[in-house]
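Structure first, then comments.
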Amino acid sequence: MELLSHLSIGFGVAFTPINLLYCLIGCILGTLIGVLPGIGPVATIAMLLPATYA
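Residue numbers (this note's numbering): 15 to 68.
Structure (structure tokens):
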């Protein structure tokens with residue numbers, strides 16, 4: 015039963031509005047940069063990685 019309790023807490027945290035907003039922003043940003051010609055997934059991750067630590 016403890017496993018289900020922790021699982022429900024995790025889903026509760028994951029589906030808060032601010033976390034869903036961050037997911038939406040990440041998807042939109044990834045799609046916009048992924049459309050650019052000549053820039054693949056590896057280059058996109060390399061460019062956006064510093065934004066994670068800013």
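Virtual Cβ for every residue (Gly too), placed ideally from N, Cα, C.
**Request:** Inspect the CB distances between the stretch 56-63 and the stretch 37-48 and report whether three or more fall short of 8 Å.
**Result:** yes
**Item:** isoleucine 77, enclosing alpha helix (DSSP H) - first and last residue
**Value:** The structure shown does not extend to residue 77, since the chain is modelled only from 15 to 68, so the question has no answer here.
**Asked** To which residues of the same chain is isoleucine 53 closer than 7 Å at the C-beta, ignoring the five residues directly before and after it?
**Response** Ile47
**Message:** The alpha helix (DSSP H) that contains tyrosine 36, what's its start and end?
**Reply:** Its alpha helix (DSSP H) spans residues 31-48.
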